[in-house]
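*Asks:* Here it is, the structure in full.
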Ligand code: ARG
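In our numbering, the protein residues as written are 861 to 1319.
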């Protein structure tokens, strides 16, 4: 039976079922590096302030470094009886160096300690998420650059709307992921604040130097209110919010990949490496990877809602409920990292079928708006032009003709403003080229967009 740190006030031992119910070491052991890193900084500060002797701090630091090695080499046994990662490491330290180990927890509580570990973890993972997003943005903008010139149907309401450049469509996703990356980077400002020194909730009567700890651990700021510090899980929730937005974008892209790979569209071919077959139907090639990305978005949203709900009724300051912040965060971090990695890889292997994209862009009446704009340029009010073009399209449908197949006589019967140059405007290539407004789909504008985007990626 191991002695609990609170044994002094207790006469009975903790029941086994309670130990099982309350432990967190089975998952928070993942924080061990940060726990040790934080403890080393704390010990150095205690010595600098004369709260413990320099020799004692050296002994503690040496012991912690040995524990670091032990864990890294898989020689350390985490045990449930010590409840969490913090107490496991502290108990191991005391076992290693004796009573001096018991001085480490001076002017510190697990409440600010766990807040510190979480922030160190979040800082690392936020940088990592932003790095993976950058890779994905590069892959997408490269693909956009290499696909210049390919025309596809642009959609609204999942109905063919107007022809656009495939590059423009791909860049739309690149733009989303760029905003996602900015959101993560921006969150770092709020993540990178030192919580240690808030202690249980009120601060301490001992002469600690929080700014020094912040400097040792690379924090930009020191938190200003000890009660807020141990009560707060905003940083975790902010990461989960950014992650949810990101997964919403991933899921939309995944959805398009699923659609585009369906025979009805046949816009893309995915390589065998990123698809799976059916155990029953031999002809099938399924876009399971994209489907799972879409599917896993649900759990990322779920993790966000789980934490928002867990926090909403908590009185200040620390409550044990907050231990429940870890598994949702870890799960989201893992989901996002694997998803982003595989998405970037998979995207490189997707083949776009130019023939299918272009024939779909050309069929139907996707350049009808260009006829309306033609009439506008010749002085007709847009509302009127819209109506005339509508009648014209109706006529073409009724007579089973495409816009290109209508004769000039037929065109002119709808408006005398229409002349033989109309055929130039209803060609998809011309239609795309004409969308030269800033941010539009003309090749010049898309090239300009890619250039500006690339430049931003480099900064
Ligand atoms: N395992 C705990 C958590 O994750 C550490 C803090 C425990 N503090 C306490 N007063 N019981 O929140």
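Just so you know, even glycine gets a beta-carbon here, dropped at the ideal spot from N, CA and C.
Which value, in whole angstroms, describes the spacing of the CA atoms of residue 863 and residue 923?
*Replies:* 21 Å
*Asks:* Pick from 1112, 1170, 1187 and 1185: whose alpha carbon is nearest that of residue 1151?
*Replies:* 1112
*Asks:* For residue 900, tell me which candidate among 886, 916 and 885 has the shortest Cα-Cα distance.
*Replies:* 916
*Asks:* So, helix, strand or coil for residue 1304, using DSSP?
*Replies:* Taken through DSSP and simplified to helix, strand or coil, residue 1304 comes out as helix.
*Asks:* Under 6 Å from any heavy atom of ligand 1, does the C-beta of residue 1182 make it?
*Replies:* yes
*Asks:* Taking the alpha helix (DSSP H) that residue 1010 belongs to, which residues open and close that run?
*Replies:* Counting along the chain, residue 1010 falls outside any alpha helix (DSSP H), and DSSP gives it neither H nor E.
*Asks:* Got a sec, what are the start and stop residues for the alpha helix (DSSP H) residue 1263 sits in?
*Replies:* Run containing residue 1263: none; DSSP gives neither H nor E here.
*Asks:* Going along the chain, which residues of its own chain have a beta-carbon closer than 7 Å to the beta-carbon of residue 982, five neighbours each way excluded?
*Replies:* Result list for residue 982: 1051, 1095, 1096 and 1099, in chain order.
*Asks:* Going straight from the alpha carbon of residue 961 to that of residue 1064, what length do you get?
*Replies:* 20 Å
*Asks:* With a threshold of 16 other CB atoms inside 10 Å of the CB of residue 929, please say whether the residue is buried or exposed.
*Replies:* exposed
*Asks:* Which same chain residues end up closer than 7 Å to residue 1115 when comparing Cβ atoms and leaving out the 5 residues on each side of it in sequence?
*Replies:* 1154
*Asks:* From the beta carbon of residue 1296, is the nearest beta carbon of chain C less than 7 Å away?
*Replies:* The displayed structure is made up of one protein chain only, and chain C is not part of it.
*Asks:* Is any non-hydrogen atom of ligand 1 found closer than 6 Å to the C-beta of residue 1320, if you look at the structure I gave you?
*Replies:* As shown, the chain starts at 861 and ends at 1319. That puts residue 1320 outside it, with no answer to give.
*Asks:* Helix, strand or coil for residue 861, going by three-state DSSP, please let me know.
*Replies:* With a pLDDT of 49 at residue 861, under the threshold of 50, the modelled position of that residue is not reliable, and no figure is offered here.
*Asks:* Buried or exposed, going by whether 16 or more other CB atoms sit within 10 Å of the CB of residue 1141?
*Replies:* Burial call: exposed.
*Asks:* Expressed to the nearest angstrom, what Euclidean distance is found between the alpha-carbon atoms of residue 1069 and residue 905?
*Replies:* Using only the alpha carbons, I get a separation of about 7 Å.
*Asks:* Can you give the Cα-Cα distance for residue 1170 and residue 1082, rounded to whole angstroms?
*Replies:* 26 Å
*Asks:* Report the partner residues of residue 1020 according to the DSSP bridge assignment.
*Replies:* 1015
*Asks:* Given a threshold of 16 other Cβ atoms within 10 Å of its Cβ, counted over all protein chains shown, does residue 1280 qualify as buried or as exposed?
*Replies:* exposed
*Asks:* Give a yes or no on whether the C-beta atoms belonging to residue 1184 and residue 887 are separated by under 7 Å.
*Replies:* Going by C-beta atoms, residue 1184 is not nearer than 7 Å to residue 887.
*Asks:* Return the residue from the list 1213, 1225 and 1259 that minimises the CA-CA distance to residue 1249.
*Replies:* 1225
*Asks:* Just checking my contact of residue 1061 with residue 1179 at CB under 8 Å: how many whole Å lie between their CB atoms?
*Replies:* That pair is no contact at about 11 Å.
*Asks:* Could you give the DSSP three-state label for residue 879: helix, strand or coil?
*Replies:* helix
*Asks:* Could you check if residue 1322 is buried or exposed, using at least 16 other CB atoms within 10 Å of its CB as the buried criterion?
*Replies:* A question about residue 1322 goes unanswered here, because the residues of the chain that appear run from 861 up to 1319.
*Asks:* Return the chain-ordered list of same chain residues with a C-beta closer than 7 Å to the C-beta of residue 1119, the five sequence neighbours on each side being excluded.
*Replies:* 1125
*Asks:* Looking only at C-alpha atoms, which of 1168, 1149 and 1172 sits nearest to residue 1200?
*Replies:* When each option's Cα is compared against that of residue 1200, the closest is 1149.
*Asks:* Can you tell me whether residue 1387 is helix, strand or coil according to DSSP?
*Replies:* Shown here, the chain extends from 861 to 1319; a query on residue 1387 therefore has no answer.
*Asks:* So, with DSSP's three-state summary, where would you put residue 985?
*Replies:* helix
*Asks:* Where do the N-terminal and C-terminal ends of the alpha helix (DSSP H) with residue 1215 fall, by residue?
*Replies:* 1214-1222
*Asks:* Using a Cβ-Cβ cutoff of less than 6 Å, which residues in the same chain neighbour residue 1077 once the five nearest sequence positions on both sides are dropped?
*Replies:* For residue 1077, same chain residues with a beta-carbon under 6 Å away, outside a window of 5 residues either side, are 901 in chain order.
*Asks:* According to DSSP, is residue 966 helix, strand or coil?
*Replies:* coil
*Asks:* Considering only the alpha carbon of each residue, which of 1192, 1147 and 1196 lies closest to residue 1164?
*Replies:* Residue 1192 is the option with its Cα nearest to residue 1164.
*Asks:* Taking 7 Å as the threshold (C-beta atoms), are residue 944 and residue 885 in contact?
*Replies:* yes
*Asks:* Should residue 1090 be counted as a contact of ligand 1 given a C-beta to heavy atom distance under 6 Å?
*Replies:* no
*Asks:* Going by beta carbon distance, what residues of the same chain come within less than 7 Å of residue 1317, once the five residues before and after it are set aside?
*Replies:* 994, 997 and 998
*Asks:* Return helix, strand or coil for residue 1211, following the three-state DSSP convention.
*Replies:* strand
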